[in-house]
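Per numbering that gives the first Met the number 0, residue 0 is the first one in the sequence shown, and the count goes up by one each step.
Backbone N, C-alpha and C fix where the C-beta goes; we use that ideal spot for every residue, glycine too.
The structure appears below as structure tokens.
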Amino acid sequence: MAKVTPHQWPWRGVIEEYRDFLPVTEDTPIITLLEGGTPLIPSRVIGPSLPGRLRLFFKYEGVNPTGSFKDRGMTMAISKAKEAGARITMCASTGNTSAAAAAYSSVAGMTSVVLIPAGYVALGKLSQALAYGARTLAVDGNFDDCLAVVRAITNNYPVALVNSLNPYRMEGQKTAAFEVCDTLGGVPDFHALPVGNAGNITAYWCGYREYKERGLVDSLPAMLGFQAAGAAPLCLGRPVEKPETVATAIRIGNPARWKDACQAVEQSGGLFRALTDDEILQAYKDLSSMEGIFVEPSSATGVAGIRKLAGEGYFGTDPVTVVCTLTGHGLKDPDRAVEMAEEPEPVPADVEYIVDLLGLASTRPDTKVAKPVAIQG
Ligand SMILES: Cc1ncc(COP(=O)(O)O)c(C=O)c1O
């Protein structure tokens with residue numbers, strides 16, 4: 000009998016792929032769901048339709064194991080917590096961190112406690128935290144209130160903090176910048192992303208700088224951080240006491256990584272900019288209907304921002320490469336998707352009725368689509 004060569008799945012998760020760049024040793028237990036290795040998708044419609052000569056790419060993080068970029072940081076945070084002997088992990092979350100913390104903690108055999116702002120976490124994310132078995136506490140307060148409680152508890156009790164204040168989270172998340180460079184064969188001119196607690200923009204900037212310091216690339220991108228207008232402390236230069244936006248993942252008034260994010264933008268020659276909820280939701284709709292990429296509303300904020308800047312002539316007239324991180328999957332927030340779409344049309348199970356409804360009755364018989372041919376066994 001012929002021998003089958005076992006297929007080696009090539010991607011090993013971000014820690015094994017980028018071990019040389021990460022603070023792990025032979026003794027670190029690697030807790031992974033094979034996160035990372037996400038696609039860098041060239042924009043087919045939105046990029047080419049913008050003024051200027053943008054080569055626009057989407058780094059689609061929604062295809063990570065729990066559906067967001069948080070998995071990159073969580074594989075590191077939980078591996079290091081396990082190495083240190085922690086039994087309980089804790090985080091405050093607008094939803095995605097809690098999903099990732101719950102999943103990776105369960106793989107590690109640790110108890111995960113997540114604090115979420117009651118009533119402000121999208122259904123998909125909440126269902127994940129519950130399904131992965133996290134002790135889920137719905138706090139009567141916003142994200143900033145949740146984080147204050149988590150900081151107080153993790154400072155005083157044997158509980159591992161796995162919010163993006165945890166430096167290992169940043170270490171893991173920086174691998175997305177490595178992947179962008181590896182895929183493009185260099186550095187983009189601009190990197191755009193939504194900003195909430197400001198961990199991700201900090202991590203990308205670290206990643207790009209590290210690749211440059213190691214001589215793997217010879218330039219750095221300008222970092223473009225986009226916030227929702229009702230939750231835009233970094234644009235306003237002051238905390239926002241009552242942040243409000245449909246983009247619940249970035250509904251944050253006092254980012255923990257404030258200073259680091261400002262440094263990333265200043266050092267890279269980038270900017271922060273605020274987008275209205277209408278602009279964000281338009282980009283959200285267009286990403287799925289024009290590009291076939293379904294994201295959650297917050298994740299579309301970067302695309303709304305690029306559109307705005309392109310309209311203002313920000314990118315000039317020379318060709319530029321722009322990468323925009325799409326941070327989370329659309330199924331995270333199914334309520335929003337259904338609310339934004341047309342209702343499904345009720346129909347009977349009747350061929351003629353549906354043929355009529357679709358206006359197919361008038362199409363000529365010889366234009367019928369060829370039937371697939373059955374493969375003989
Ligand atoms: C989908 C999504 N996009 C963007 C962000 C913002 O990332 P950061 O808080 O690191 O700025 C978050 C954070 O929770 C998120 O879940």
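Any non-hydrogen atom of ligand 1 closer than 6 Å to residue i Cβ
{"i": "I249", "result": "yes"}
{"i": "N141", "result": "no"}
{"i": "P193", "result": "yes"}
{"i": "A74", "result": "Looking at the sequence itself, residue 74 is Thr, so the reference to Ala does not match. T74: no, Cβ never under 6 Å from ligand 1."}
{"i": "S48", "result": "no"}
{"i": "C197", "result": "Note that residue 197 corresponds to Ala in the displayed sequence, not to Cys. Yes, ligand 1 has a heavy atom inside 6 Å of this Cβ."}
{"i": "S387", "result": "Given that the chain is displayed from residue 0 to residue 376, the structure contains no residue 387 and the question cannot be resolved."}
{"i": "G224", "result": "no"}
{"i": "G252", "result": "no"}
{"i": "N95", "result": "yes"}
{"i": "G377", "result": "The requested residue 377 does not occur in the structure, where the chain is confined to residues 0 to 376."}
{"i": "S267", "result": "no"}
{"i": "S218", "result": "no"}
{"i": "S67", "result": "yes"}
Nearest neighbour of residue i, chosen from the options [CA to CA]
{"i": "Q266", "options": "K258, V179 and R272", "result": "K258"}
{"i": "E209", "options": "A197, A175 and L233", "result": "A175"}
{"i": "I305", "options": "P38, L270, R335 and A360", "result": "L270"}
{"i": "I40", "options": "A230, I292 and L308", "result": "I292"}
{"i": "R237", "options": "G12, I251 and V245", "result": "I251"}
{"i": "A85", "options": "S111, P64, K124 and T65", "result": "S111"}
{"i": "E338", "options": "N196, K307, P347 and Y283", "result": "Y283"}
{"i": "V245", "options": "S298, G66 and V264", "result": "S298"}
{"i": "N196", "options": "S288, S78, W10 and G94", "result": "G94"}
{"i": "V44", "options": "L235, D144, F57 and P38", "result": "F57"}
{"i": "C234", "options": "C261, A248, E243 and K241", "result": "C261"}
{"i": "V120", "options": "K331, A348, P157 and P343", "result": "K331"}
{"i": "P318", "options": "K124, Y352, L49 and G36", "result": "L49"}
{"i": "S163", "options": "T275, G198 and A151", "result": "G198"}
{"i": "A107", "options": "P220, D188 and L32", "result": "L32"}
{"i": "F142", "options": "A273, G61 and T247", "result": "T247"}
{"i": "T24", "options": "L146, A227 and K79", "result": "K79"}
{"i": "M73", "options": "S104, Y59 and G61", "result": "S104"}
{"i": "S42", "options": "D349, Y352 and T324", "result": "T324"}
{"i": "M289", "options": "F20, P296 and Q281", "result": "Q281"}
{"i": "A263", "options": "E243, Y207 and G301", "result": "Y207"}
{"i": "A191", "options": "T316, A221 and P9", "result": "A221"}
Residue range of the unbroken alpha helix (DSSP H) whose run includes residue i
{"i": "A309", "result": "T300 to G310"}
{"i": "F189", "result": "Note, F189: premise wrong, no alpha helix (DSSP H); beta strand (DSSP E) at F189 to P193."}
{"i": "F177", "result": "T174 to L183"}
{"i": "L125", "result": "L122 to A130"}
{"i": "T324", "result": "Taken as a continuous stretch (DSSP letters only), T324 belongs to no alpha helix (DSSP H), being part of the beta strand (DSSP E) at P318 to L325."}
{"i": "K258", "result": "W257 to S267"}
{"i": "W10", "result": "Segment: none, W10 is in no alpha helix (DSSP H) and carries neither H nor E."}
{"i": "E344", "result": "Here E344 belongs to no alpha helix (DSSP H), and DSSP marks it neither H nor E."}
{"i": "E393", "result": "Any question about residue 393 goes unanswered here, given that the chain covers just 0 to 376."}
{"i": "V350", "result": "V350 to L356"}
{"i": "P238", "result": "No alpha helix (DSSP H) holds P238; DSSP gives it neither H nor E."}
{"i": "S97", "result": "N95 to A107"}
Cβ neighbours of residue i in the same chain (closer than 7 Å, five flanking residues each side left out)
{"i": "A137", "result": "I115 and A117"}
{"i": "E82", "result": "D26, T27 and P28"}
{"i": "Y17", "result": "T174 and F177"}
{"i": "P333", "result": "L122 and G123"}
{"i": "A360", "result": "V354"}
{"i": "R256", "result": "S163, N196, A197, G198 and T201"}
{"i": "E34", "result": "G12, V13, N63, P64, D70, R71 and T74"}
Proximal residues to residue i (C-beta, below 8 Å), its chain only, five neighbours per side dropped
{"i": "S218", "result": "G185, V186 and K211"}
{"i": "L215", "result": "C180"}
{"i": "N253", "result": "D143, P232, P238 and V239"}
{"i": "R272", "result": "L223, G224, F225, Q226, C234, G304, K307 and L308"}
{"i": "V346", "result": "Y352, I353 and L356"}
{"i": "G268", "result": "A221"}
Cut-off 6 Å between Cβ atoms - residues of its own chain near residue i, not counting five sequence neighbours on either side
{"i": "A128", "result": "S97, A98, A101, V113 and T135"}
{"i": "T153", "result": "M89 and L160"}
{"i": "A133", "result": "A101, S111 and V113"}
{"i": "G51", "result": "A309 and F314"}
{"i": "Y69", "result": "Per the sequence shown, residue 69 should be read as Lys rather than Tyr. So the qualifying residues of the chain are N95, T96 and A99."}
{"i": "A202", "result": "M169, Q172 and K173"}
{"i": "G46", "result": "L53 and L55"}
{"i": "E278", "result": "A303"}
{"i": "Y131", "result": "A101, A102 and S105"}
{"i": "N165", "result": "A76"}
{"i": "S287", "result": "F293"}
Extent of the continuous beta strand (DSSP E) run through residue i
{"i": "M222", "result": "A221 to A227"}
{"i": "M89", "result": "I87 to A91"}
{"i": "A137", "result": "R134 to V138"}
{"i": "S297", "result": "Note, S297: premise wrong, no beta strand (DSSP E); not H, not E."}
{"i": "T110", "result": "T110 to P116"}
{"i": "L274", "result": "L270 to L274"}
Could you name each continuous alpha helix (DSSP H) segment of 4 residues or more that falls completely within the stretch 26-69, going from the start of the chain to the end? List check, alpha helix (DSSP H) in window: 45-48.
Runs of 4 residues minimum, wholly inside the stretch 141-166: which ones carry the alpha helix (DSSP H) assignment? Counting only runs of 4 or more, we get 142-155.
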